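> The following block contains the structure, expressed as structure tokens.
Numbering (the numbering used here), first residue to last: 4 to 116.
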């Protein structure tokens, strides 16, 4: 938990903050990474001010959301919290274990509305 943010922090010397719906992963991240972490959904970051960050990212997040509308909500939140001229990065991993997690109609490439 927090490995990707830890890499960014160490490689680029940046401050990091992260959210995860799993409280146990937040606890692990807090022990491994110098940063600010809280349990929350990527679809609702209302506790974060508009344009609060220079950059935002969701790495291996969208795959775990249950509906395309939730992926859109998460992406919109990432855009909202980034300063004008900042960067939003959406990254995915190929997780074959997730193939059986989603209903058949949602497996494969996700088409966003």
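Where a beta carbon is used, it is the ideal one built from N, C-alpha and C, also for glycine.
Here the structure is a predicted model, which is why all the values come from computation and not from measurement.
Which residues in the same chain have their Cβ closer than 8 Å to the Cβ of residue 46, if we skip the five residues on either side of it in sequence?
The answer, listed in chain order, is 68, 73, 76, 77, 80.
> Run through the DSSP bridge pairs and tell me what residue 39 is partnered with.
DSSP lists 20 as partners of residue 39.
> Contact between the segment 24 to 40 and the segment 5 to 12: three or more CB pairs below 8 Å?
Yes, they touch.
> May I ask you to report which of helix, strand or coil DSSP gives residue 60?
Strand, per DSSP.
> Three-state secondary structure (DSSP) at residue 51?
DSSP places residue 51 in coil when its eight states are reduced to three.
> For residue 40, is the classification buried or exposed, using 16 other Cβ atoms within 10 angstroms of its Cβ as the cut-off for buried?
It is buried - the Cβ of residue 40 has at least 16 other Cβ atoms within 10 Å.
> Quick check on residue 90: does DSSP put it in helix, strand or coil?
Looking at residue 90 - three-state DSSP - the assignment turns out to be strand.
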